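Data first, discussion second: the structure below is written as structure tokens.
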Amino acid sequence: MAQIICEDVVLGYEGKVVVKGLNFSVFCGDYLCIVGENGSGKTTLMKALLKLKAPVSGQILTGDGLKSYEIGYLPQQTTVQKDFPASVEEIVLSGCLNRCGWRPFYKKEERQIAEDNMNKLGIGRLAKRCYRELSGGQQQRVLLARALCATRKMLLLDEPVAGLDPVVTVEMYELITRLNKEDGITIIMVSHDITAAVRYASHILHIGYEPLFFGVKADYLNSDVGRSFMAVMGGAVQ
Amino acid sequence: MIDIIDELALYFQYPFVRYAMIVGVLIALCSSLLGVTLVLKHFSFIGDGLSHVAFGAMAVATVLSLTNDMVLILPVTLVSAILLLCSGQNARIKGDAAIAMISVGALAIGYLVMNVFSTSANITGDVCSTLFGSTSILTLTKTEVWLCVGLSVVVIAVFILFYNKIFAVTFDEKFAMATGSKAKIYNLLIAVIIALIIVLAMNLVGALLISALVIFPALSAMRVYKSFKSVVICSAVVSVVCAMLGMLVSTVAGTPVGSTIVVVDMVAFAMFCGIGMFAGGVRA
Ligand SMILES: Nc1ncnc2c1ncn2[C@@H]1O[C@H](COP(=O)(O)OP(=O)(O)OP(=O)(O)O)[C@@H](O)[C@H]1O
Ligand SMILES: [Mg+2]
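Read top to bottom, the protein sequences are chains A and U.
Position 42 of the first sequence, counted from 1, bears residue number 44 in our numbering, the numbering being contiguous throughout.
Position 246 of the second sequence, counted from 1, bears residue number 399 in our numbering, the numbering being contiguous throughout.
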């Protein structure tokens, strides 16, 4: 049983269709990379998967014991304001909020989860630091740690490496791959970096006005879409 | 020094001074707790905006010659506050622009209604009383004091019980919603208690003081502290201390209470700016 199934999904804003005919399923442990041009609807699809936005038609089903709120999420652009006073610890811990329900305070075990996730992402020693004084890469790690607190099953990452330098970018990809391989977390990632997409992902979804391709990586590399996109993006196949 | 203490002791024998002190401190505490959230959500000017709404509602109430104008003012103000605060981060018109729109609109309607329909209205006086408090803080009745105490207890309890949720919703509403927190409900709750405290405080101490109490302690605390919890605690302490100091000074020096508190808050803000620059920010 798939964790997420999209059936004939059409997405759009105020009657204007952005993508249509989305049919794909994501299984436990998959690493799906969504590629496509600017404005092709990748972020919109993410929002739909998170139930922040209803599809125009079609349905998005969750299965395999995945509740729609058990999805961790790393936004493309954080709506976080520049001058918000918050420590790394407070932000990561806020990822545990969906475990609380109406309970007002965090339990010891939730604080432990937050601490473990900070250590896992190598930001343990930044715990008391102020979020707004961190570098872009460190901030991404903080938000990733928060997303990990919200889920044990699935992570949605919208361009997690945008604005990071090459070294940190590789670190970030390795980190995500580790989460996928070692912890068995399903990854759905939007990326413009087609080279990285084909190196790390197990499946590729290439979207345009109509979805151009969905399937495993090897097939993508042999498809017309894949080949031409690779040629344009200058991606070197490993 | 001894003289001043003696003089204060004398003043404190009067119940109205004690009432003023209690109400002042409680309102300062509540508004500073909520102030941090309001400032971070770009709603610093909500006190001022709502006072204009209250004025508009009052004008309409006067024209309809309602005997108790509160039955109109309270719901209208509450609804405006909820509309403003619950539209959330997705709203087309948000924060300062939304407040400006509502407050200017309400003011215009109020003034218009009064001019067209009413013959004997003391318009300047009415505008003044919504800005500086219809009843002075020194003429509070026992009922008003109890109302204020009750409401403050509710506000503080809600704030503590929902502290983590308020943080999450203020910091990143989208994420909270995406991961299944009932962000809408929490926003509504925050809006309701903010509206309640502002409407109450507006009547007791005036919109000017309320705006100051919302803005200054939060901004002062943010100069120095860098985590949400420490900012909240610091702004509560600053607010209460400043309110007490302001009231003591105004009792002894005979200056207007509201403005004195605002001036003390400004001095505190300047001090915190200094500390912030000097220390380069405390790591906490
Ligand atoms: N809030 C909105 N209201 C109306 N139209 C929108 C809105 N957000 C996005 N769109 C439109 O929907 C289309 C898809 O946007 P989306 O953000 O999903 O693109 P994307 O694939 O994530 O692009 P990028 O690579 O730049 O992040 C765009 O044409 C955009 O103009
Ligand atoms: Mg996008």
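Even glycine gets a Cβ: it sits at the ideal position worked out from N, Cα and C.
Only a predicted model underlies this, so the values are computations on that prediction, with no experimental measurement involved.
For residue i, collect the residues of the same chain with a Cβ closer than 8 angstroms to its Cβ; drop the 5 residues on either side in sequence, then sort them by chain order.
i         : result
Gly248(U) : Lys194, His195 and Phe196
Val402(U) : Thr408, Thr413 and Val417
Leu161(U) : Leu401, Thr404 and Val405
Leu13(A)  : Val19, Val20, Val21, Lys22, Leu24, Gly43, Thr46, Leu47, Ala50, Lys55, Pro57 and Val58
Lys130(A) : Ser89, Val90 and Glu91
Leu223(A) : Val200, Arg229, Met232 and Val239
Ile346(U) : Leu187, Val307, Val308, Val311 and Phe312
By Cβ distance below 6 angstroms, which residues in the same chain neighbour residue i in space, the five residues on each side in sequence not counted?
i         : result
Gln61(A)  : Glu9
Phe216(A) : Phe26 and Leu207
His205(A) : Asp32, Leu34 and Val218
Gly126(A) : Met120
Val163(A) : Thr171 and Met174
Ala354(U) : Ile180 and Ile363
Phe369(U) : Asp418 and Phe422
Pro87(A)  : none
When we look at the beta-carbon of residue i and count the other beta-carbons within 10 Å, is it buried (16 or more) or exposed?
i         : result
Gln142(A) : buried
Lys22(A)  : buried
Glu111(A) : exposed
Ala268(U) : It should be noted that the sequence gives Asn, not Ala, for residue 268(U). The residue in question, Asn268(U), is exposed, as its Cβ has fewer than 16 Cβ neighbours within 10 Å.
Tyr339(U) : buried
Lys318(U) : buried
Gly188(U) : buried
Asn221(U) : exposed
Gln166(U) : exposed
Arg436(U) : Reliability fails at Arg436(U), whose pLDDT of 43 lies under 50, so the model's placement of it is uncertain and the value that follows must be treated cautiously. Classification of Arg436(U): exposed, given that the 10 Å Cβ count is below 16.
Ala220(A) : exposed
Phe425(U) : buried
Asp201(U) : buried
Arg376(U) : buried
Val11(A)  : buried
Ser218(U) : exposed
Met3(A)   : exposed
Ser137(A) : exposed
Met430(U) : exposed
Val239(A) : For Val239(A), the predicted model reports a pLDDT of 47, less than 50, meaning its position is unreliable; a value from the coordinates is still stated below. Looking at its Cβ environment, which holds fewer than 16 other Cβ atoms inside 10 Å, Val239(A) is exposed.
Lys327(U) : buried
Tyr172(U) : buried
Which same chain residues, not among the five before or five after residue i, have their C-beta less than 7 angstroms away from its C-beta?
i         : result
Ala210(U) : Leu225, Ile226, Val229 and Thr230
Ile158(U) : none
Since residue i meets chain A, which of its residues come closer than 8 angstroms, beta carbon to beta carbon?
i         : result
Asn340(U) : Here the premise fails: no neighbours, minimum Cβ distance about 14 angstroms.
Met375(U) : Asp85 and Pro87
Ser185(U) : The contacting residues do not exist; Ser185(U) stays about 14 angstroms from chain A at best.
Phe320(U) : Ala88, Glu92 and Ser96
Identify the contact partners of residue i in chain B, using a Cβ-Cβ distance below 7 angstroms as the criterion.
i         : result
Pro162(A) : The structure shown contains no chain B; its protein chains are A and U.
Using the beta-carbon of each residue, which ones in chain A are nearer than 7 angstroms to residue i?
i         : result
Tyr103(U) : Past the boundaries of the shown model lies residue 103(U); chain U is included only from 154 to 437, so the question cannot be answered.
Lys337(U) : Result: empty, since nearest Cβ-Cβ is about 12 angstroms, beyond 7 angstroms.
Phe324(U) : Val82, Phe86, Ala88, Ile93 and Ser96
Val384(U) : Pro87
Phe381(U) : Pro87, Ala88 and Glu92
Our contact map puts residue i next to residue j with C-beta atoms below 8 angstroms; I'd like the distance itself, whole angstroms only.
i         : j         : result
Cys387(U) : Ala374(U) : 4 angstroms
Asp195(A) : Pro77(A)  : Actually they do not touch by this definition, with Cβ atoms about 18 angstroms apart.
Val308(U) : Ile350(U) : 6 angstroms
Ser184(U) : Leu366(U) : 4 angstroms
Ser305(U) : Ala321(U) : Not a contact, Cβ separation roughly 24 angstroms.
Cys151(A) : Ile115(A) : 6 angstroms
Leu372(U) : Phe324(U) : In fact, because the Cβ distance is near 18 angstroms, the residues do not count as touching under 8 angstroms.
Ala253(U) : Ser240(U) : The pair is not a contact, with the Cβ atoms about 14 angstroms apart (cut-off 8 angstroms).
Ala331(U) : Leu52(A)  : 4 angstroms
Using the beta-carbon of each residue, which ones in chain U are nearer than 7 angstroms to residue i?
i         : result
Ala116(A) : Within 7 angstroms Cβ-Cβ: nothing; Ala116(A) doesn't reach chain U, min ~12 angstroms.
Tyr71(A)  : Thr332 and Gly333
Tyr108(A) : Asn317
Leu52(A)  : Ala331
Tyr75(A)  : Phe328, Ala331 and Thr332
Cys8(A)   : Chain U residues near Cys8(A): none, gap ~17 angstroms exceeds 7 angstroms.
Since residue i meets chain A, which of its residues come closer than 9 angstroms, beta carbon to beta carbon?
i         : result
Leu193(U) : Gln83, Asp85, Phe86 and Pro87
Val358(U) : None at all; the shortest Cβ gap to chain A is about 27 angstroms.
Please list the partners that residue i has in chain U, where partner means a Cβ-to-Cβ separation under 9 angstroms.
i         : result
Asn100(A) : Ala329, Thr332, Gly333 and Ser334
Ala233(A) : In chain order: nothing, as chain U lies at least about 36 angstroms away.
Is the segment 182-190 of chain A touching the segment 19-38 of chain A in the sense that three or more CB pairs, one from each, lie closer than 8 angstroms? yes
Can you find at least 3 beta carbon pairs, one from the segment 87-98 of chain A and one from the segment 112-120 of chain A, that sit closer than 8 angstroms? yes
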